[in-house]
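Participant:
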Amino acid sequence: MTTTGPEKALSRELPALEARLRRDLDGEVRFDDHTRHLFSRDASMYAITPAGVVFPRHAGDVQAAVALAAEHGVPLVPRGAGTSLAGQTVGAGLVLDLSRHMRRIVELDPGARTALVEPGVVQDQLNRAAAPHGLMFGPDTSTSNRATLGGMIGNNSAGSGSLRHGMTIDHVRALDVVLSDASTAHLAPVDAGERARRARARTREGALYRELPRLVRENADAIAEDFPAFWRRACGYRLDRLDRLARDGEPFDLAKFVVGSEGTLVLTTRALVDLVPKPRRTVIAVGHFTSTQAAIEATEDALACDPAAVELMDRTILDLSRKRIEYATLGTLLDGDPEALLFVSFTGADERELHASLDRLTALWKRHGHGYHTLRAVTPAQQSSLLKVRKAGLGLLMAASEGTRRPLAFVEDTAVDPSRLADYTRDFRAVLDRHGLDAGFYGHCSVGCLHIRPFVDLADPAQERTMRAVAEEIKDLVVAYGGVNSSEHGDGLARSEFNRQIFGDRLYAAMREVKRVFDPEGLMNPGKIVDAPSMTENLRDAALPEPGPLRTRLSFEVTGGMRGAADRCMNIGLCRKSGSGVMCPSYMATKDEEDSTRGRAGALVKALSEPDPKRALGDGRLHEILDACLMCKACKSECPLGVDMATLKSEALSHHHDLHGVPVRSRVFGAIRALNRLGSATAPLSNLPGRLPPLRRLMERWLGIAHERPLPVFARRDLTSWHRRRTTRAAGAPSGGGQQGTLTFLADSFTTYTEPAVGRAAIELLERAGWRVRLESRGCCGRSSLSKGLVDEAKAKAVHLARLLTEGTEPGSPVVGCEPSCLMTLRDEHLALRPGDPAAQDLADRVRQVEELLTEAVDDGRLRLRDDAWPAGRRLLYHGHCHQKAEVGTAATTALLRRIPGARVEEADAGCCGMAGSFGFESEHYELSMTVGQDRLFPAVEAEPTDTVIVASGVSCRQQIAHGTSRRAWHPLELVRAALEEPRG
């Protein structure tokens, strides 16, 4: 990690600054090494360790932090979601994380079509609030589920809708800001009289109203001659805006002037922004092309049809999307194997006009020989898979990283007039070819902006030199085409160095003067836009030391070791989203960076980069950061780079135990099968502790099991004893004598002893479907041991169970179960526990979901479901298990539920339930567990009428739903069993 000169010079000020900040701020203050490391990175290729981090709760905190930093001569680095691609939000100063607490929508005025927001408000959060009024925020970024309005203002963000709605600068009406001397100002358009009045004040604000008009007058010729002509700009300071206002006699508007200034001029504490009408209807034409160049050449015809957006996606991203459960549906919609797609969107209220636009475009492309197929997506259902992949372009491209060879953002944001885009792209590709670089192509053809990210390994000094050479050539190329070097991602550390050449000496000198007027001491996010370091300083990968030796229990060979697995994270911040998906439940609850997948991955990278990584994995602060991870595994599927934090946490915990010993509670939960078997054998006596408050308090004191949490109720007659006592005559032989063959049913450690009715339903259904069921109840999958870091114990259990499940069975015969966490462990963690073991791979390949087999049986007529059964015709709200979603998805389960006659199945997008096995039982995690459930799951269940049937696959999910909503949740197989038509005779 790079330690800069300014950081060393200021280090003696930091203890005093930290003490003053803790005294004067209401928000949190953190100066520990782990927090500083987490905030040393954003989504760029840079890393600079900050002095410390504060989390302001309100504008007063921001003002106090600015005042104290100025007093101690410490620079300030404002930060929203930390998704900047050019390095705007990393620096050696004091980071102000404005995203955690300052996230209120203060006022939304539908009549005026405005919203007053704090800087931490997320774009999708604002859009959800505005949607009931038919409104939305115009700029539509691909990162809308985590991008903050403050960050968008600092960056002048745009997105796919900029052809219609322009950029953020076009939607800002007024800003409340803190200036570099800690004074405050309200920036909004003012007439000449008000400007003159403000200019008379001998304050920092007064200087702005005096000096900026002078700068505009003195540089009028340079502004007219040297500013890039292309409108879509996110670079430099917007003197052109002030010049145009002066020439047109319009009010003087500093609010718009500071948009895109990357925190180098002011810190925004509130913003009044415009809202625009939300399109009533959208239709999309998806052109299929045999090359990326052919797709780009079809852009002009698309623009002739007056679209809302034209977006490009090349084969690199398409191929990556096909490998992810999250995006796999796209492949079923495409025709053939296109090299590139062009998404052309039309919006409006008149459906006939929209379809006519599709017809015009299709005819025009056909007439000019563009593409070989055009897909028409006219319903939200048809569009969802397309839009999901389009928005995930960056993340999917990043997933192609191999070690430190990554698709980097340094020439990814240029833009030229769309009429010149095809020629420009051809020349751009020639530069890459000349330097031997591959790249992914995607972006906004409608506005001439392509996000082209070459694959570069910055750990190789030769590749670093190549990167710089390419950056300089592309800078010259974009100037030759009359374009801009940054059209929506900003200057940051990647492009600021080139601003003198982009704007010329006169304009660059004027911009330096702008910086001096706003920030005489140079403390506001220095090194961005003007007076920047070389683009090759402070590079993230080049700064990482070689990892120290570490022998791991789980296999991380595919990612180049444990540090490589954590360092796959490129900080794009999808784990900071809220309101959709599962990842990351703890962040959704706390909004704390260290509780995100990204934060935990960063903490692990720090530990694993130490000379003695094993000792570093035992660090208490690291353990604190990892502790709130629910191990839901959502990051494995939802993180585009597949950072599997559950596996990383298991490994880290094992090393922590090596140094500090295994807590008693961890041993208890790790032995959950034995505990549950004992509980069942001694029921109902074993159920007494759950009902007696004094005993519950003793359990909390001795084991840390929350007294508020209901304990599972043990069944005296467990699944094993039920199955053992059955006789062929009493239970009936399998339908058709087992024509489908024999399968092995895993009696899991949970439902076997606490909900045996679930297993009974599964076995009876499978037998009726023609399967001979072999019950295996003598082993544990090791899931509970893994969750507690007892990896050696889990491995022993895995070896034992694999033998039990497969020994004496037909090769390839299915292995099934009804508890997703146990079943998915067989096909995931067992491979990491036993790398290269053919027996582990054989078992993983055999795993099937009961729901798959039963759906086939219903469709084949082997199972018949009654239309007069109690679940028939009912509304079913289904909540899938996190591990199931991460490994195989929920399609098989919802498909089976839809086979129940008349059932209306809706899958709740309710994230993680928050229970996460033992996590929700633990005293220190109980509150967080319930907060996660209250985020979306509990409200979704509580909103349902009483006759809606709640359905959940996971035992923990059903427990959490019952505790949090007092509603019973059924296992899907229980409902199907209830609907089963009994055999006649």
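Heads up: the sequence shown at position 330 corresponds to 1095 in the working numbering, and the numbers run straight through without jumps.
The C-beta atom is built at its ideal place from N, Cα and C for all residues, glycine as well.
Roughly how many angstroms separate the alpha carbons of Ala-743 and Gly-852, rounded to a whole number?
Facilitator: The structure shown does not extend to residue 743, since the chain spans only 766 to 1750, so no value can be given for it.
Participant: Is the CB-CB distance between Val-1716 and Leu-1662 below 8 angstroms?
Facilitator: By one-based count along the sequence shown, residue 1716 stands at place 951. By one-based count along the sequence shown, residue 1662 stands at place 897. Yes; because the gap between Cβ atoms is below 8 angstroms, this pair is in contact.
Participant: Using the Cα positions of Pro-1737 and Ala-1743, report the straight-line distance between them to the nearest angstrom.
Facilitator: Reading the sequence shown from its first residue, position 972 is the one you call residue 1737. Reading the sequence shown from its first residue, position 978 is the one you call residue 1743. Taking the straight line from one Cα to the other gives about 10 angstroms.
Participant: Taking only runs that begin and end inside the region 1067 to 1154, name each unbroken alpha helix (DSSP H) of 4 or more residues, in chain order.
Facilitator: DSSP runs (the alpha helix (DSSP H)) wholly in the region 1067 to 1154: 1080 to 1087, 1094 to 1098 and 1116 to 1133.
Participant: Which first and last residues belong to the beta strand (DSSP E) in which Cys-1546 is found?
Facilitator: As a first step, residue 1546 is located in the sequence shown; it is residue number 781 there, counting from the start. Element bounds for Cys-1546: n/a, residue is neither H nor E.
Participant: Threshold first: 3 residues or longer. Then list the beta strand (DSSP E) segments lying entirely within the region 852 to 881, N to C.
Facilitator: Those beta strand (DSSP E) runs which fall completely within the region 852 to 881 and span 3+ residues are 859 to 862 and 870 to 874.
Participant: Under 8 angstroms: do the region 1269 to 1287 and the region 1314 to 1326 share three or more Cβ pairs, one atom per stretch?
Facilitator: No, because fewer than three Cβ pairs between the region 1269 to 1287 and the region 1314 to 1326 fall closer than 8 angstroms, the two stretches do not touch.
Participant: Using the DSSP secondary-structure output, state which residues sit across from Trp-1536 in a beta bridge.
Facilitator: Taking the sequence shown and counting its residues from 1, one reaches residue 1536 at position 771. Note: Trp-1536 sits in a beta bridge opposite Gly-1506.
Participant: Determine the direct distance from the alpha carbon of Ser-1445 to that of Ala-812, and round the result to whole angstroms.
Facilitator: The residue given as residue 812 occupies position 47 in the sequence shown. The residue given as residue 1445 occupies position 680 in the sequence shown. Answer to the nearest angstrom: the Cα atoms are 54 angstroms apart.
Participant: So, is Lys-1088 buried or exposed, given that buried needs 16 or more other C-beta atoms within 10 angstroms?
Facilitator: Translated into positions along the sequence shown, residue 1088 becomes position 323. Answer is exposed; the Cβ neighbour count stays below 16.
Participant: In whole angstroms, what separates the C-alpha of Tyr-1518 from that of Glu-1541?
Facilitator: As a working note, residue 1518 is residue 753 in the sequence shown. As a working note, residue 1541 is residue 776 in the sequence shown. So the alpha carbons of these two residues sit roughly 14 angstroms apart.
Participant: If you measure between the beta carbons of Val-1038 and Leu-1152, is that distance less than 8 angstroms?
Facilitator: As a first step, residue 1038 must be located in the sequence shown, where it is residue number 273. As a first step, residue 1152 must be located in the sequence shown, where it is residue number 387. No, these two residues do not count as a Cβ contact at 8 angstroms.
Participant: Between the region 894 to 908 and the region 924 to 931, do at least 3 Cβ pairs fall closer than 8 angstroms?
Facilitator: Contact between the region 894 to 908 and the region 924 to 931 is present, because at least three Cβ pairs lie under 8 angstroms.
Participant: Quick one: which unbroken beta strand (DSSP E) runs of 3-plus residues sit fully inside the region 1179 to 1219? Chain order, please.
Facilitator: Those beta strand (DSSP E) runs which fall completely within the region 1179 to 1219 and span 3+ residues are 1204 to 1209.
Participant: Confirm, please, whether the CB-CB distance from Thr-1590 to Glu-1616 is below 8 angstroms.
Facilitator: Translated into positions along the sequence shown, residue 1616 becomes position 851. Translated into positions along the sequence shown, residue 1590 becomes position 825. No. Outside cutoff.
Participant: Please report how far the alpha carbon of Gly-1407 lies from the alpha carbon of Arg-911, in whole angstroms.
Facilitator: Within the sequence shown, numbered from 1, the residue matching residue 1407 stands at position 642. Within the sequence shown, numbered from 1, the residue matching residue 911 stands at position 146. So the two alpha carbons sit approximately 18 angstroms from each other.
Participant: Ala-1105: which of Thr-1139, Thr-1055 and Glu-1118 sits nearest, CA to CA?
Facilitator: For the purposes of this step, residue 1105 is identified with residue 340 of the sequence shown, where counting begins at 1. Checked all of Thr-1139, Thr-1055 and Glu-1118; the closest Cα to Ala-1105 is Thr-1055.
Participant: What did DSSP end up calling Pro-1521 once you bin it into helix, strand or coil?
Facilitator: Numbered from 1 along the sequence shown, position 756 holds the residue referred to as residue 1521. Reduced to three states, the DSSP call for Pro-1521 is helix.
Participant: Which of the three DSSP states is assigned to Trp-1635 in this structure?
Facilitator: Here residue 1635 refers to the residue found at position 870 of the sequence shown. DSSP places Trp-1635 in coil when its eight states are reduced to three.
Participant: DSSP beta-bridge partners for Ala-1734?
Facilitator: Start at 1 with the first residue of the sequence shown, and residue 1734 comes out as number 969. In the DSSP output, where bridge partners are listed per residue, Ala-1734 has Ile-1715.
Participant: Run the CB neighbour count on Ala-1734, radius 10 Å, all protein chains shown included, and call it buried at 16 or more, exposed below.
Facilitator: As a first step, residue 1734 must be located in the sequence shown, where it is residue number 969. With 16 or more other Cβ atoms within 10 Å, it is buried.
Participant: With H, G and I counted as helix, E and B as strand and the rest as coil, what does DSSP make of Ala-1495?
Facilitator: By 1-based counting over the sequence shown, the position of residue 1495 is 730. The predicted model places Ala-1495 with a pLDDT of 47, which falls under 50 and marks its position as unreliable; any figure quoted below should be read in that light. Correct three-state label for Ala-1495: helix.
Participant: How is Tyr-811 classed by DSSP in three states: helix, strand or coil?
Facilitator: Within the sequence shown, the letter at position 46 stands for residue 811. Reduced to three states, the DSSP call for Tyr-811 is strand.
Participant: Looking only at its chain, what residues have a beta carbon closer than 8 angstroms to the beta carbon of Glu-783, apart from the 5 residues adjacent to it on each side?
Facilitator: By 1-based counting over the sequence shown, the position of residue 783 is 18. Here the set comprises Val-794, Phe-796 and Gly-817.
Participant: Per DSSP, Ile-1793 is paired with what?
Facilitator: There is no way to answer for residue 1793, as the model of the chain reaches only from 766 to 1750.
Participant: Please state if the CB of Ala-1411 and the CB of Leu-1387 are separated by a distance shorter than 8 angstroms.
Facilitator: On the sequence shown, position 622 is the one that residue 1387 refers to. On the sequence shown, position 646 is the one that residue 1411 refers to. Against a cut-off of 8 angstroms, the Cβ pair of Ala-1411 and Leu-1387 comes out as no contact.
Participant: Taking C-alpha atoms, which residue in Leu-833, Trp-1467, Val-882 and Asp-807 lies nearest to Pro-780?
Facilitator: The residue you call residue 780 lines up with position 15 of the sequence shown. Here the closest residue by C-alpha is Leu-833.
Participant: Relative to the C-alpha of Asp-986, which candidate in Glu-1403, Arg-1489, Leu-1272 and Leu-1304 has its C-alpha closest?
Facilitator: Working through the sequence shown from its first residue, we reach residue 986 at position 221. Closest option to Asp-986, Cα to Cα, is Leu-1272.
Participant: If contact is defined by three or more beta carbon pairs under 8 angstroms, each pair taking one atom from either stretch, is the region 1681 to 1693 in contact with the region 1460 to 1477?
Facilitator: Enough Cβ pairs lie closer than 8 angstroms, so yes.
Participant: Measuring CA to CA, which of Arg-1265, Val-1323 and Leu-1309 is closest to Pro-1298?
Facilitator: Translated into the one-based positions of the sequence shown, residue 1298 becomes position 533. The shortest Cα separation from Pro-1298 among Arg-1265, Val-1323 and Leu-1309 belongs to Arg-1265.
Participant: Who pairs with Leu-900 in a beta bridge, going by DSSP?
Facilitator: Mapped onto the sequence shown, residue 900 falls at position 135. Answer is Pro-1042, bridged to Leu-900.
Participant: With a CB to CB cut of under 6 angstroms and the five nearest residues on each side skipped, what residues in its chain are close to Leu-1531?
Facilitator: In the sequence shown, the residue the question calls residue 1531 occupies position 766. Taken in chain order, the residues that qualify are Val-1538.
Participant: Between the region 1242 to 1249 and the region 972 to 992, do at least 3 Cβ pairs fall closer than 8 angstroms?
Facilitator: Not touching, per the Cβ criterion.
Participant: Output the boundary residues of the alpha helix (DSSP H) element that contains Pro-1350.
Facilitator: Looking up residue 1350 in the sequence shown gives position 585. Here the alpha helix (DSSP H) through Pro-1350 covers 1350 to 1355.
Participant: Buried or exposed: where does His-936 fall if 16 or more other Cβ atoms within 10 Å of its Cβ makes it buried?
Facilitator: As a first step, residue 936 must be located in the sequence shown, where it is residue number 171. Buried: at least 16 other Cβ atoms inside 10 Å.
Participant: Can you tell me the Cα-Cα spacing of Ile-1385 and Leu-1424, whole angstroms?
Facilitator: In the sequence shown, the residue the question calls residue 1385 occupies position 620. In the sequence shown, the residue the question calls residue 1424 occupies position 659. According to the sequence displayed, residue 1385 carries Gly and not Ile. Going from the Cα of Gly-1385 to the Cα of Leu-1424 covers about 11 angstroms.
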